[in-house]
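Protein chains in written order, with our numbering: chain A, 1 to 285; chain B, 1001 to 1295.
So this is what it looks like as structure tokens:
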């Protein structure tokens, strides 16, 4: 089911000035409920502008953004309710933490939505659970936590609003491998539990291969191509020309194919590759 | 007779410990615990560890931003412990840092002015600054952007400008503190390639703090920290042969080693570690041909 649809969205920064720069040109794409859509693109390809379209932080110069078929920019007064339904986690969201305790910080969003206290308390715990934060963390000051924990508190603050669409700009940047898996695994659990549409912008091709159902490639303010991870990563040369890359497993698979080992193009994670090769090589314990 | 062949390390730490000051000293956990290491001039060192393992604290101790509570840092064999402000200032010029977020470390509105900022503060004469700025721009391959505004650049280009600004101060060692974490794949490669070239061609010592195993493979030596202590050190081959230890501390090995390790757990017998994709593919292809011939 299509949750958010962008129709021919155009956006230019500084229009009419010598510095005018088209950030989005005729971008059309749809984001489905219950699926994780990955967005990849070189620095300056328009990813961050695109992310701000989803909840109306920016509105298109032309074209439409439809949430459940309704143009979110048609009625500016309705935008605050759109922002409760579409949660946006910016880069380095931990810099936005401000309250005395983790619990109060996570509760900020639901409190502004006017929810009753019991509901807020329940949502805070549920959101903390998704991001792997224990009960003992809730009474601490967010400023006493490690960087990875702060990041999770910030994401939990958005999850507590139970958005139908969750948009995250580089949610795992700067985290160690385990921290990445925990955050991204939490987003999968949120999607599975709520059926929300999840959009993740990332420069990490391994994460995209492991977690995205579908990947959209942006190039110079336009959508270059899109598809399932395996379809996208099969177009290695185009990705590399765009300053992108393929996951390590795809790089190794290419080298195996060069050497005559039949590895299907569907394989784009190390786990899948190991499982496939163990059968191909008839390995036995 | 003292051994004459042993060179003096550029940076040495002896039993270094540091605890961040806290309101409640009773539950203080040291961020760096009894770390001893030696970094020689011209080495390229990678420092790995999960978030909060003490890597960045160690980096700040190395260039005297933080002062250790116990243990000591030696530069060229000289202890930094009892130095006055002036001497510390001179020592600090040897070791400079590039941080994660390029936007937080650029100060001027024109690229070449940004690069001149460091040498200006060191009191370098104007003609000499001009020469250094041009040379630094060449070294990072950004000469054509001298008159550009930094905010017009990509992330990788901004980091290269940050590196140029540091080169203009002519340090002997540059610490990259997760300097590629925010960059897209081509930006990461630009910065890594610049670091490796400075190391190779100019003998500048590189300490690269990173979460990316593919970067660590390019170093001469790899150090791994966990909860403030140094738990592994050695060549990339030595360190990445401890794959179980790495997993225990929330890290991993490069993809080639991870793949063969998984295959070994399923009954394979590949030699580990393998840090090169061609070798990895050769080993699997050979095994594939053997399987086909037998079956």
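For glycine and all other residues, C-beta sits at the position ideal for the given N, C-alpha and C.
Here the alpha carbon of residue 1096 of chain B sits roughly 5 Å from the alpha carbon of residue 1174 of chain B.
When Cβ-Cβ separations below 8 Å define contact, residue 1287 of chain B makes contact with chain A. DSSP lists A:21 as the bridge partner or partners of residue 13 of chain A. Counting along the chain, residue 1038 of chain B sits inside the beta strand (DSSP E) bounded by residues 1032-1039. In the structure shown, the three-state DSSP call for residue 51 of chain A is helix. For residue 43 of chain A, the nearest beta carbon of chain B is closer than 8 Å to its own beta carbon. Fully enclosed alpha helix (DSSP H) runs of no fewer than 4 residues occupy 79-85, 102-112, 117-130 of the segment 54-134 of chain A, in order along the chain. Residue 1139 of chain B: member of the alpha helix (DSSP H) spanning 1126-1139, first to last residue.
Note on residue 19 of chain A: under 16 other CB atoms within 10 angstroms of its CB, so exposed under the neighbour-count rule. Judged by DSSP in its simplified three-state form, residue 188 of chain A adopts helix.
Think of a sphere of 7 Å around the beta carbon of residue 1281 of chain B: the chain A residues whose beta carbon falls inside it are 252, 255, 256, 259, in chain order. At a cut-off of 8 Å, the C-beta of residue 1291 of chain B has a neighbouring C-beta in chain A.
Cα atoms of residue 171 of chain A and residue 244 of chain A: separation of roughly 18 Å, rounded to the nearest angstrom. Excluding its 5 nearest sequence neighbours in each direction, residue 127 of chain A has C-beta neighbours in its own chain below 7 Å: 106, 156, 159, 160, listed in chain order. In the pairwise beta carbon analysis, the segment 1096-1109 of chain B is classified as not touching the segment 1130-1138 of chain B: fewer than three pairs are separated by under 8 Å.
In the three-state DSSP reduction, residue 1203 of chain B falls in the coil class, being neither helix nor strand. Secondary structure of residue 150 of chain A (DSSP, three-state): helix. Ranked by Cα distance from residue 121 of chain A, the options A:133, A:104, A:41 are led by A:104. For the segment 1251-1265 of chain B, the set of positions with a beta-carbon nearer than 8 Å to some beta-carbon of chain A reads 1251, 1252, 1254, 1255, 1256, 1258, 1259, 1262, 1263 in chain order. In the three-state reduction of the DSSP assignment, residue 1157 of chain B falls in the helix class, which pools H, G and I. Residue 1195 of chain B is not bridged by DSSP to any residue. Contact between residue 87 of chain A and residue 166 of chain A holds: CB atoms are separated by about 5 Å, below the 8 Å threshold. Here residue 222 of chain A has 25, 26, 27 as same chain residues with Cβ atoms under 7 Å from its own Cβ, once five neighbours each way along the sequence are excluded.
The alpha-carbon separation between residue 144 of chain A and residue 1020 of chain B amounts to approximately 12 Å. About 6 Å separates the beta carbon of residue 1076 of chain B from that of residue 1008 of chain B, a gap short enough to meet the 8 Å contact definition. In the DSSP assignment, residue 1210 of chain B falls outside any alpha helix (DSSP H) and carries neither an H nor an E.
Remark: three or more beta-carbon pairs, one from each stretch, lie closer than 8 Å, so the segment 1037-1050 of chain B and the segment 1206-1213 of chain B are flagged as touching. Taking a contact to require three or more Cβ pairs closer than 8 Å, the segment 1260-1270 of chain B and the segment 181-189 of chain A do not qualify as touching. Neighbours of residue 1278 of chain B across chain A, judged by C-beta separation under 8 Å: 255. Note that the segment 226-234 of chain A does not touch the segment 73-80 of chain A; fewer than 3 beta-carbon pairs, one per stretch, sit closer than 8 Å. Nearest in C-alpha terms to residue 1114 of chain B, of all of B:1145, B:1090, B:1228, is B:1145. Counted as a single uninterrupted DSSP element, the beta strand (DSSP E) harbouring residue 224 of chain A occupies residues 222-227. In this structure, the alpha-carbon of residue 152 of chain A lies about 6 Å from that of residue 131 of chain A.
Rounded to the nearest whole angstrom, the C-alpha separation of residue 114 of chain A and residue 1277 of chain B is 55 Å.
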